[in-house]
Amino acid sequence: MKKKWISAISGLAVGVLASAVFFGDFSPKQPTSTASAKTNAEKVYVPFGKKDEYYLFASGGHSGQLFVYGVPSLRRIRTVPVFSLDSATGYGWDEHSKKMLGGYTWGDLHHPAFSETNGEYDGKYLFATDVANSRAAVLDLKTFTVKDIISVPNTSGPHCAAFVTENTEYLFLPTRFAVPLGNKYESLDDYSTKYRGVMSAVTFDEKAQKLHIAYQVALPPWSYDLSDAGKKISKDWAVITTYNTEEATTNLEINASKEDRDFIVLFNWKELEKMVKEGKYDIVDGQKVIFPEKQKGGIYLVPVAKSPHGVDVTPDGKRFIASGKLAPLLTVFSFEKAFKAIENKDFAGERNGIPILKYESVVEREVNPENALGPLHTQFDDKGMAYTTMFISSEVVKWDPNTGEVLDRVPVQYSPGHSVAAEGDTVSPDGKYLVSLNKLAKDSYLSVGPSHPESMQLIDISGKMEVIQSAPVDPEPHYGQMIKADKIKTINVYPKDESNPDAVYNQKDARIVRKGNEVHVYGIAMRSKFIFDAKAKRPDVIEVNEGDKVFVHLTNIDRDEDITHGFAINRYNLNIEVQPGQTNTVEFVADKAGTYPIYCTNFCSALHQEMTGYLLVKPKQ
Ligand code: CUK
Ligand code: CUA
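With mature numbering (1 follows the signal peptide of the UniProt record, and there is no 0) applied, the sequence shown covers -23 to -1, 1 to 598.
The structure is reproduced here in structure tokens:
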């Protein structure tokens, strides 16, 4: 295989190389003996009544959702809708989520990231970005629900995010696609001068539960692929990989791989923050935008083997490791060396006003594990050892970043993208578990036709690496983060909020209020009935006129864990849920006259089937 790779590099067109990357090469499955299968089964068995040790939040890719798994069982516990509609939870129909989604019906979620305190996951929030519609979201882990979504102007496809700084000061959103600022029309002939790749620094206001764009940086018109925030000695810094520094505008497969080197962007967010405080920015589309060609400092380029994919900071914060994708090698860079090179102005020219550090001044070593092809992403264990996924040779390679020595390797099925280690992006990963997120399952599970699900494989990394469990995941898991289960403190019931004007906690207060052609229902859902109007002859009926705008504010007054009610109206294409103690609102126009049954969609009691009512829409005369 190595031979094939080398001949591809030396003799053939880059297109062939790229095809090799995308089609992969499948190694045979590792045979499992009956004895080791039994031990492996014991390692992942979580008996009824016991809970998993870790939560794994896997990105749901272009489903726009997040998948929650337990580790080591690899049982899927929940799907949390983030960027796409989800009728199971009414996400996208109730007022809050509908407003947050802003009319978009789908998203492409790649890299979830936990909030951090002192470089450790604190279990409070989870951030994620949407490549498809350029958005960022924050989830509250008390309820596993989305609190805020922002649309990010001036950018297209924040694939490179989200990676948070040590104390969640920022999440950085560099983008995959370069576009003209202000979402203007510009000819692609003017790509190099009129287009930009923008990095957005986003903050989270915990009190208001809102995301904000603090500032943006107008980087050159390249594609920004992956990023990572620094740690400890590098905590004020972050790194981003780039490709298409060739600035090709068509047929990127070939044209974006012409040069031997692309760059890692190295930036100091404290310095950028200072520039913003000093007013060193322009306002574009309402955003504070720093232009590196005008405002010097804070941003540097490090040359790296062409088209790198992942870049990962070691848990001690001393190094950053780039994965080659098109060059079968890993490059270990030193932050300390970079800092020294910056201090000594050890530059080899500049691009778009950004100084280029000399490769030799920053590199520590190149690592090229034998026959390992297509390195993509690296995770770490409790001893600082690195685990790199090899997309083409379908394996995970363990190696020592201090020496470059390869320590162990295990085949996975097949073509891993990312892997995720237990507490893997913190300053102190746990070791023990690594989950390989494989792009192809091929024949791993019962066939479901020509298209198969993707696959996650749990690897025991406490000794010699061994795959101990597999589970389908559908669609593609781009990335995930794994957190100790006891760090997440969920609530059982939404607390009463007497200040919420839409909430009704007393059955006798359920009422229907008409204001012109607006009808507000302040209703209750409880086992096992709806009360929309306590004083009416039929409290479970909503009667309106055709054309009325109807608001149903529904409070679930059941205060027992897990008693969730749903609210759906036949043929009105809507469904919302109210979790225990929660108040939720759905708004619609009663534009169809007639009689429409209302029913509870979430099984809630032996009399769930009886939890119904009617919407009567009187026709216009
Ligand atoms: S990406 Cu690298 S394999 Cu979206 Cu993180 Cu998928
Ligand atoms: Cu309420 Cu089913």
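All C-beta atoms in this analysis are idealised placements derived from N, C-alpha and C, irrespective of residue type, glycine included.
Beta-bridge partners of residue i, as assigned by DSSP
i: Ile575; result: Ile546 and Gly590
i: residue 669; result: With the chain covering only -23 through 598, there is no way to say anything about residue 669.
i: Asp385; result: Lys375
i: Glu343; result: Thr308
i: Glu146; result: BP columns for Glu146 are empty, so no partner.
i: Asn522; result: Lys595
i: Thr532; result: Ile501 and Thr560
i: Asp259; result: Val266
i: Arg328; result: Ile331
i: Asp237; result: In the DSSP output, where bridge partners are listed per residue, Asp237 has none listed.
i: Met176; result: Pro151 and Val194
i: Tyr32; result: Gly47 and Ile460
i: Ile127; result: Ala113
i: Thr94; result: Glu97
Cut-off 7 Å between Cβ atoms - residues of its own chain near residue i, not counting five sequence neighbours on either side
i: Ser61; result: Ser40, Gly41, Gln42, Thr82, Trp83 and Gly84
i: Tyr34; result: Residue identity check: residue 34 is Phe in the sequence provided, not Tyr. Result list for Phe34: Leu43, Val45, Pro89, Leu103, Gly457 and Gln458, in chain order.
i: Asp402; result: Gln458
i: Glu327; result: Ile333
i: Val129; result: Ser111, Arg112, Ala113, Pro135, Leu150, Ser177 and Ile190
i: Asn221; result: Trp199, Ser200, Leu229 and Ala233
i: Lys338; result: According to the sequence shown, residue 338 is Ser rather than Lys. Lys314, Ala318 and Asp323.
i: Asp259; result: Val266 and Phe268
Limits of the unbroken beta strand (DSSP E) element including residue i
i: Val481; result: Element bounds for Val481: n/a, residue is neither H nor E.
i: Asn232; result: From DSSP, Asn232 is part of no beta strand (DSSP E) but of the alpha helix (DSSP H) over Leu229 to Asn232.
i: Met367; result: Ala363 to Met367
i: Trp214; result: Trp214 to Tyr220
i: Lys101; result: Glu97 to Asp107
i: His354; result: Pro352 to Phe357
i: Glu554; result: Leu551 to Val555
i: His395; result: Pro393 to Ala398
i: Leu411; result: Tyr410 to Asn415
Near the ligand CUA: residue i beta-carbon under 6 Å from a heavy atom
i: Met588; result: yes
i: Asn579; result: yes
i: His73; result: no
i: His497; result: no
i: His585; result: yes
i: His542; result: yes
Residue i CB to nearest heavy atom of the ligand CUK below 6 Å
i: His530; result: no
i: Tyr201; result: no
i: Leu353; result: yes
i: Gly394; result: yes
i: Tyr22; result: no
i: Tyr456; result: yes
i: His87; result: yes
Where the alpha helix (DSSP H) containing residue i begins and where it ends
i: His136; result: No alpha helix (DSSP H) holds His136; DSSP gives it neither H nor E.
i: Glu248; result: Trp246 to Lys254
i: residue 601; result: The shown model of the chain, from -23 to 598, leaves out residue 601, and the question about it has no answer.
Own chain residues within Cβ distance below 6 Å of residue i, not counting five before or after
i: Leu51; result: Leu435, Gln446 and Ala448
i: Phe(-2); result: Unreliable positioning characterises Phe(-2) in this predicted model, as indicated by a pLDDT of 43, which lies under 50. A coordinate reading is not provided.
i: Gly590; result: Phe507, Asp517, Val518 and Ile575
i: Ile276; result: Phe244, Pro269 and Ile331
i: Gln598; result: none
i: Gly287; result: Leu203, Ser300, Leu353 and His354
i: Ala583; result: none
i: Gly38; result: Pro452, Glu453 and His455
i: Asn469; result: Glu538
Same chain, Cβ closer than 8 Å to residue i, neighbours up to 5 away in sequence not counted
i: Leu306; result: Ala282, Glu343, Val344, Asn345 and Pro352
i: Ala511; result: Gln484, Lys485, Asp486, Ala487 and Arg488
i: His530; result: Asp479, Ala480, Val481, His497, Val498, Tyr499, Gly500, Thr560, Asn561 and Thr562
i: Asn494; result: Asn522, Gly524, Asp525 and Lys526
i: Gly263; result: Pro130
i: Ile(-18); result: With a pLDDT of 36 at Ile(-18), under the threshold of 50, the modelled position of this residue cannot be trusted; read the value that follows with caution. So no residue of the chain qualifies.
i: Val141; result: Ala90, Phe91, Ser92, Glu93, Phe104, Tyr147, Leu148 and Ala206
Problem set entry | Three or more C-beta pairs below 8 Å linking the stretch 442 to 458 and the stretch 536 to 548 | no
Problem set entry | Three-pair Cβ contact test at 8 Å for the stretch 453 to 468 versus the stretch 386 to 397 | Because the criterion of three Cβ pairs below 8 Å is met, the stretch 453 to 468 and the stretch 386 to 397 touch.
Exercise. Does the stretch 305 to 314 touch the stretch 264 to 273, meaning 3 or more C-beta pairs lie closer than 8 Å?
Worked result: no
Exercise. Between the stretch 182 to 190 and the stretch 236 to 252, do at least 3 Cβ pairs fall closer than 8 Å?
Worked result: No: the two stretches stay apart, fewer than three of their Cβ pairs being nearer than 8 Å.
Exercise. Would the stretch 480 to 488 and the stretch 133 to 148 be scored as touching if the rule is three or more Cβ pairs under 8 Å?
Worked result: No contact exists between the stretch 480 to 488 and the stretch 133 to 148.
Exercise. Would you say the stretch 16 to 34 touches the stretch 459 to 468, given that touching needs at least three Cβ pairs under 8 Å?
Worked result: Contact between the stretch 16 to 34 and the stretch 459 to 468 is present, because at least three Cβ pairs lie under 8 Å.
Exercise. Can at least three beta-carbon pairs, one atom from the stretch 63 to 80 and one from the stretch 371 to 379, be found at a separation below 8 Å?
Worked result: Between the stretch 63 to 80 and the stretch 371 to 379 there are fewer than three inter-stretch CB-CB distances shorter than 8 Å, so the stretches are not counted as touching.
For this session: Would you check if there are 3 or more beta carbon pairs closer than 8 Å linking the stretch 153 to 164 to the stretch 95 to 102?
Result: no
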